[in-house]
Each structure stands twice: as C-alpha cells, then as structure tokens.
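In the UniProt record's numbering, the protein residues as written are 1 to 166. Glycine is no exception: its CB is placed at the ideal position from the N, C-alpha and C atoms.
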C-alpha cells in the first residue's frame, strides 16, 4: 500500500470537510458523512430545509444564540437516510465539529455506533453525559483539509473548475 494513500478515516473526514463547503449558514460551516461497512450511505451539511430561504440569503433566524432556520449537518445526513429508507443502525458518523446536544440525541437514537470529529464545540454537560452512558465512542481526529490541498490539486490535474461540455 502506498504511503500517500489516505486511510478510510482520513478519506471520510476529508469528505466531511468538502461537504461543509456546501453549508448555507453564515455562522459555522459543518459537514457530516454517514458510513457503514466503509461505504458512504449519506452526507449532510448545515442549512435551511429544502425549498426554504437559506441564512446566506435571508440571514440567520437566531433565538437563544441558536439559528432556528438551519438543520445541522448530522440531522441532514440522518434525515436523508430516513427519506431514502436506509438504516443508520451500526453506522459511523464523520463530522467536522463535535455534535451539539440535540444532534447527539439523534445520533444515539439512530443507532450510530461511533462519532469521528475534528473540532470541539462548546456543549451542555448533558451532551457528554449522554455520550458517557451510551456505548458510542467519540474519536477526535486531526485532519485538516489545508494539509491535503496540494495533493488534491495534483491528483485532479490542477482542479480546473471551468467544466466544458463534451
């Protein structure tokens, strides 16, 4: 195996970072990837519900320091599985930021068995209590997309974004 080849964990976390670039939130860009048996079953980023205004366009609708307009990345990934009839039981989630207490409850209830995250997020103590009493492991990773930008650019032939029709 090549020393340059990404591990599965790096691959999925880099995907979460890439997906976070679709975020429509003005405050924080978060991406998530749901994985089962080393296969991506769903992705999500934080943003407004389908068909509704996005924070980027209409501004955040903040109450008690939380935006009511946005679904979180973890919620979007889990809801996409529900919409498509895909079981999340036994899956792992890769998310750019540690889940908030509301997402933690949904992650645990959805049967997700492991959480990989890059950045800490200030949370209510109850969030950590839930994690502690569950059989779910949280693993902090140190995968920074900036460290891979040259590799990505080189492997993609310079990342030309001006696609031409065939």
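- Exposure of residue 126 is indicated by the presence of fewer than 16 other C-beta atoms within 10 angstroms of its C-beta.
- Beta-carbon to beta-carbon, residue 69 and residue 48 are separated by about 5 angstroms, close enough to satisfy the 8 angstroms threshold.
- The DSSP-derived three-state label of residue 77 is helix.
- For the set 77, 73, 142, the Cα lying nearest the Cα of residue 36 is the one of 77.
- Under the 8 angstroms Cβ criterion, the region 28–43 counts as touching the region 5–15, having at least three qualifying pairs.
- For residue 4, the number of other beta carbons within 10 angstroms of its own is below 16, and it is reported as exposed.
- Residue state for residue 101 is assigned as helix, using DSSP reduced to three classes.
- For residue 73 against residue 30, the beta-carbon gap comes to about 4 angstroms, under 8 angstroms, which counts as contact.
- Residue environment for residue 33: buried (at least 16 other C-beta atoms within 10 angstroms of its C-beta).
- One alpha carbon belongs to residue 58, the other to residue 27, and they sit about 13 angstroms apart.
- As DSSP reads the structure, residue 32 sits in a beta bridge with 44, 95.
- The C-beta distance from residue 97 to residue 128 rounds to 15 angstroms, too long to meet the 8 angstroms contact threshold.
- By the Cβ neighbour-count rule, residue 131 is buried, with 16 or more other Cβ atoms within 10 Å of its own.
- For residue 119, the three-state secondary structure derived from DSSP is strand.
- The C-beta of residue 71 has 16 or more other C-beta atoms within 10 Å across all chains shown, which makes the residue buried.
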